[in-house]
Structure formats: structure tokens, C-alpha cells
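Residue numbers (the working numbering): 93 to 208. Read through the structure below, which is laid out as C-alpha cells, and then see the notes.
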């Protein structure tokens with residue numbers, strides 16, 4: 093019998109399998125901290141950088157587990173996981189590509205000469 097998150101047979105490591113993919117995981121709070129900082133950096137970039145929350149691309153519908161077919165080792169996306177990730181990123185990339193270039197750089201080390 094398969095477990096509720098995708099494939100391990102109960103009695104053959106199913107409980108360990110479920111714990112491995114369960115969310116929130118061991119590192120969720122640290123990831124949330126880093127992601128918050130990245131989102132703040134993007135917000136302060138004047139439109140030069142975008143932050144895209146991609147966590148949902150890898151989780152079950154209820155958000156309770158990582159989908160193992162998308163991320164077998166809970167870290168590296170499979171080919172199917174990469175496709176799911178790209179589907180989330182593509183609209184943000186297209187929005188950045190079609191947005192007007194910022195007139196001033198958010199990075200103080202850069203010198204941008206605005207075109208007229």
C-alpha cells in the first residue's frame with residue numbers, strides 16, 4: 093500500500109519516507125529567514141530584481157510535504173521538478189524582461205547612464 097505522499101510502501105520505510113518529505117522541515121525556518129532577506133533585497137531594487145516564491149511548485153496540494161517525484165532528495169529538483177520550477181519562474185522573468193529598465197541603479201557600486 094502506498095503512503096499519502098507518493099509512493100513508499102508502508103512497512104518498508106514508509107514512515108521514514110513520510111518524515112523526510114514532511115513540511116515544515118528541519119531547515120524551513122532558516123530558509124524562510126533567507127527568503128525574507130532576498131524578498132527585501134528585491135523590493136528595494138527599484139524593479140531591477142524580482143523575488144519569486146517557488147516553494148508551492150514542489151509541495152503537495154495541502155502544503156504538507158515535498159512531492160518526491162519533483163525533488164527526490166528533498167533538495168535537488170528532478171527534471172519534472174525543474175519543469176514545475178520553471179513554470180513558476182517564467183511569468184516573473186517575462187515581467188522583468190518587458191518592464192522598462194530602471195533609470196537609477198539600486199546597487200551603489202554601479203553607474204548607470206540613463207538614455208534619453
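The beta carbon of each residue, even a glycine, is placed where N, CA and C say it ideally should be.
* **Local conformation of residue 104 per DSSP, three classes** => Counted from its first residue, the chain shown places residue 104 at position 12. Residue placement at residue 104 is flagged as unreliable, the pLDDT there being 40, under the threshold of 50; a coordinate-derived value is accordingly withheld.
* Asked: If you run the structure through DSSP and keep just helix, strand and coil, what is residue 131?
  -> Position 39 of the chain shown, counted from the start, is the residue given in the question as residue 131. Note: residue 131 maps to helix in three-state DSSP.
* Asked: Straight-line CA distance for residue 146 to residue 192?
  -> Residue numbering aside, residue 146 sits at position 54 when the chain shown is read from its first letter. Residue numbering aside, residue 192 sits at position 100 when the chain shown is read from its first letter. Going by the C-alpha atoms only, they are around 24 Å apart.
* Decide if residue 189 is buried, meaning its Cβ has at least 16 other Cβ atoms within 10 Å, or exposed. => Here the question's residue 189 lines up with position 97 in the chain shown. By the 10 Å Cβ count, residue 189 comes out exposed.
* Per DSSP, the bridge partner or partners of residue 188 -> On the chain shown, position 96 is the one that residue 188 refers to. DSSP lists no partner for residue 188.
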